[in-house]
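With the first letter of the sequence shown counted as 1, position 24 gets the number 23 in numbering that gives the first Met the number 0; the numbers rise by one all the way through.
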Amino acid sequence: MKKFYFLIVSLIFYSNSFSQTKFAIIGDYGKANVNELNVSNLVKSWNPEFIITLGDNNYELGEASTIDTNIGKYYSQFIYPYTGIYGPGDTVNRFFPSMGNHDWYTSAASAYLNYFTLPGNERYYDFVRGNVHFFSIDSDPNEPHGVDSNSVQALWLKLKLSQSPEEFKIVYFHHPPYSSSAHGSSLYMRWPFKRWGATAVLTGHDHSYERIFNDSMFYIVNGLGGRSIYEFYTIVSGSQFRYNANYGAMLAYSYHDSIVFRFYNVSGNMIDHFKILSSVKRLQLTSLIQGFYKTETNSLISDTLKVLIRNNSSPYEIKDSACGYPDTSGNAEFDFSHLNNATNYFLVLKHRNSIETWSSAGNKFINNALSYNFTSSASSSYGNNLVLKGSRYCVYGGDVDQDGIVDASDLSIVKNDASGGLEGYISSDVTGDDYTDAEDISLVENNVSRGTVSVVP
Ligand SMILES: [Fe+2]
Numbered sequence: 000m001k002k003f004y005f006l007i008v009s010l011i012f013y014s015n016s017f018s019q020t021k022f023a024i025i026g027d028y029g030k031a032n033v034n035e036l037n038v039s040n041l042v043k044s045w046n047p048e049f050i051i052t053l054g055d056n057n058y059e060l061g062e063a064s065t066i067d068t069n070i071g072k073y074y075s076q077f078i079y080p081y082t083g084i085y086g087p088g089d090t091v092n093r094f095f096p097s098m099g100n101h102d103w104y105t106s107a108a109s110a111y112l113n114y115f116t117l118p119g120n121e122r123y124y125d126f127v128r129g130n131v132h133f134f135s136i137d138s139d140p141n142e143p144h145g146v147d148s149n150s151v152q153a154l155w156l157k158l159k160l161s162q163s164p165e166e167f168k169i170v171y172f173h174h175p176p177y178s179s180s181a182h183g184s185s186l187y188m189r190w191p192f193k194r195w196g197a198t199a200v201l202t203g204h205d206h207s208y209e210r211i212f213n214d215s216m217f218y219i220v221n222g223l224g225g226r227s228i229y230e231f232y233t234i235v236s237g238s239q240f241r242y243n244a245n246y247g248a249m250l251a252y253s254y255h256d257s258i259v260f261r262f263y264n265v266s267g268n269m270i271d272h273f274k275i276l277s278s279v280k281r282l283q284l285t286s287l288i289q290g291f292y293k294t295e296t297n298s299l300i301s302d303t304l305k306v307l308i309r310n311n312s313s314p315y316e317i318k319d320s321a322c323g324y325p326d327t328s329g330n331a332e333f334d335f336s337h338l339n340n341a342t343n344y345f346l347v348l349k350h351r352n353s354i355e356t357w358s359s360a361g362n363k364f365i366n367n368a369l370s371y372n373f374t375s376s377a378s379s380s381y382g383n384n385l386v387l388k389g390s391r392y393c394v395y396g397g398d399v400d401q402d403g404i405v406d407a408s409d410l411s412i413v414k415n416d417a418s419g420g421l422e423g424y425i426s427s428d429v430t431g432d433d434y435t436d437a438e439d440i441s442l443v444e445n446n447v448s449r450g451t452v453s454v455v456p
């Protein structure tokens, strides 16, 4: 019995560190030589859920006569449907290539397109595993839908990235926007990936490993999958790490709050590793505080607000919190570091002498952003717990002692401070004019008599 409890505790304790997906990344590999064999053995030793490739899957000319010897012989266990001669293949596809220049040397890339069965038009496509959205792009200039940043293909990527709720968005293709090796940088592939919402860009073509940080994002060159090894030449700006001493591949894990990449050589030595944290989540909140909002001027006296982010279900655990300072229209921004996209959260608004107010339901951040408005309808709050002032809804004021109810104890504090003629930034000032006086007493009295309490799930 003791052991059983220990197991449960362990599972809870470690649940945050479980990876959501684990995948391998190979580039410039399809040569059917001992280097490809060594890299494929390394990759298989990791038992990845799936493999993505960074192009040049079938040297030298992308022909049907070589494709199975170059790919299936080493990776058939991951391919479905698999029609080659090296075993039965898989029962579900776990091999997601991207196209290289060598794959296009056979007319219309017909051997590649016949050999693989892939999503979408197969030349460029997307898929989701765990909390990662993958985008396989065709960077070869033969691509019928184009390879510049305004092409049909690029606009497809831009749209898909903008609509993706996943935490991490990995874009991968063959020709590197930045590289210090023989081919160098493919300038036409410098699309605004970061602005469109990508997490990282993985490429090949140069037969080297390089980690470059530009445009606030990692760009990786990983072309050591087996074909040959290139030298480094002019070092591009942003180049942080370079390796070309041996062949190798990358292994990546995604977690709820980060994604980790490693490059290993074929001897099993970890040569490089880096981690990308999930992005800051920004809440744009519109809210007004009863006593601080003046209908005559339709403006708010600004005061610090705090938002708690809670789980969507009991016991509504607090996941994060942040402070914000609204403008006179009631708009404020709150930034959070520990939240995820596509997860439902309750928003809990707190102010130093107002009633704690919850959103009516759970809300999700999409692409790291969420807007919420507490001022346009009572039903935006849990239990319709807002007061209409003029044409806008406000959070109830008067909870001076912050115990979730406006009652005699709040009134007594305000009356006491009013009789003492207190002024300044004091909690009994529920109207925001830096005085505690008859106006404050009146607001609290009204809210006491209507039985104002915090309404929570
Ligand atoms: Fe290439």
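We put the CB at the ideal spot given by N, CA and C, even for glycine.
Query raised in the report: For the 8 Å Cβ check, are there 3 or more pairs between the stretch 139 to 159 and the stretch 203 to 217?
Result: no
Requested in this report: Starting from Lys168, follow the beta strand (DSSP E) in both directions and report where the run begins and ends.
Outcome: In the DSSP assignment, Lys168 falls within the unbroken beta strand (DSSP E) covering 167 to 171.
Requested in this report: Within the same chain, show all residues whose beta-carbon is closer than 6 Å to that of Asn141, passing over the 5 residues directly before and after it, in chain order.
Outcome: For Asn141, where only same-chain residues beyond five positions count, the Cβ hits under 6 Å are Trp103.
Query raised in the report: From the beta carbon of Ala197, is the nearest beta carbon of chain B less than 7 Å away?
Result: The chain inventory of the structure shown lacks chain B, comprising one protein chain alone.
**Report entry** Nearest to Gln401 (by Cα), restricted to the options Thr435, Asn352, Pro87, Ser375
**Finding:** Asn352
Requested in this report: With a threshold of 6 Å, establish whether the CB of His204 neighbours any heavy atom of ligand 1.
Outcome: yes
Query raised in the report: Using CA coordinates, which residue listed in Ser427, Val146, Phe133 is at the minimum distance from Ser163?
Result: Phe133
Report task. Just confirm the distance between the C-beta atoms of Ser238 and Ser179, as a whole number of angstroms; I'd bet it's less than 8 Å. Result -> Confirmed, about 5 Å.
Report task. Could you tell me if the beta carbon of Asn268 falls within a distance shorter than 6 Å of some heavy atom in ligand 1? Result -> no
Requested in this report: Taking 7 Å as the cut-off, decide whether the C-beta atoms of Glu438 and Thr430 are in contact.
Outcome: yes
Query - Distance cut-off 6 Å: Asp137 Cβ against heavy atoms of ligand 1 - result: no
Query raised in the report: Using the beta-carbon count (16 or more within 10 Å), is Leu442 buried or exposed?
Result: buried
**Report entry** Exposure label - Phe333; buried when at least 16 CB within 10 Å
**Finding:** buried
Requested in this report: Would you kindly report the start and end of the unbroken beta strand (DSSP E) that includes Ala331?
Outcome: 330 to 335
Query - Whole-Å CB distance - Ala181 paired with Asn113, under 8 Å assumed - result: No, Ala181 and Asn113 are not in contact; Cβ-Cβ is about 30 Å, not under 8 Å.
Query raised in the report: For Asn243, which residues from the same chain have a beta carbon less than 6 Å from its beta carbon, with the 5 sequence-adjacent residues on both sides left out?
Result: Ser207, Ile228
Query raised in the report: From which residue to which residue does the beta strand (DSSP E) around Glu209 run?
Result: 208 to 213
Query raised in the report: Helix or strand or just coil, what does DSSP make of Lys363?
Result: Note: Lys363 maps to coil in three-state DSSP.
Requested in this report: Could you spell out the range, first to last residue, of the alpha helix (DSSP H) harbouring Asn310?
Outcome: That residue, Asn310, is in no alpha helix (DSSP H); its beta strand (DSSP E) goes 304 to 310.
**Report entry** Start and end residues, beta strand (DSSP E) containing Lys159
**Finding:** It is not in any beta strand (DSSP E) - Lys159 instead sits in the alpha helix (DSSP H) that spans 151 to 162.
Report task. Give me the Cα-Cα distance between Ile365 and Tyr315, rounded to the nearest whole angstrom. Result -> 21 Å
Report task. Please indicate yes or no: does the CB of Asn100 lie closer than 6 Å to some heavy atom of ligand 1? Result -> yes
**Report entry** Burial state of Asp55 (16 or more Cβ within 10 Å)
**Finding:** buried
Query raised in the report: Just to confirm, does Asp55 get its C-beta within under 6 Å of one of the non-hydrogen atoms of ligand 1?
Result: yes
Query raised in the report: Measuring CB to CB, does Gly83 end up less than 7 Å from Asn57?
Result: no
Query raised in the report: Looking at the structure shown, is His350 part of a helix, part of a strand, or coil, going by DSSP?
Result: strand
Query raised in the report: With a cut-off of 8 Å, do at least 3 Cβ pairs link the stretch 250 to 261 to the stretch 305 to 313?
Result: no
Query raised in the report: What is the DSSP secondary structure of Glu457, counted as helix, strand or coil?
Result: Absent from the structure is residue 457, since the part of the chain shown begins at 0 and ends at 456.
Report task. For Phe5, count neighbouring C-beta atoms within 10 Å of its own C-beta (all shown protein chains included) and say buried if the count is 16 or more, exposed if not. Result -> With a pLDDT of 47 at Phe5, under the threshold of 50, the modelled position of that residue is not reliable, and no figure is offered here.
Report task. Assign Tyr424 to buried or exposed, taking buried as 16 or more other Cβ atoms, counted over all protein chains shown, within 10 Å of its Cβ. Result -> exposed
Query raised in the report: What residues are listed by DSSP as bridge partners for Gly323?
Result: The partner list for Gly323 (beta bridge, DSSP) reads Leu304.
Query raised in the report: Taking the beta strand (DSSP E) that Asp432 falls in, what are its first and last residues?
Result: No beta strand (DSSP E) contains Asp432, which DSSP labels as neither H nor E.
Query raised in the report: Nearest-angstrom Cα distance between Arg93 and Ala341?
Result: 25 Å
Requested in this report: Below 8 Å on the Cβ atoms is my guess for Pro176 versus Ser185; work out the distance and round it to an integer in Å.
Outcome: 6 Å
Report task. Compute the beta-carbon to beta-carbon distance between Asn383 and Phe345, rounded to the nearest angstrom, for a pair I have assumed lies under 8 Å. Result -> At roughly 16 Å, the Cβ-Cβ gap does not stay under 8 Å, so Asn383 and Phe345 are not in contact.
Query raised in the report: Does the distance from the CB of Leu284 to the CB of Leu299 come in under 7 Å?
Result: no
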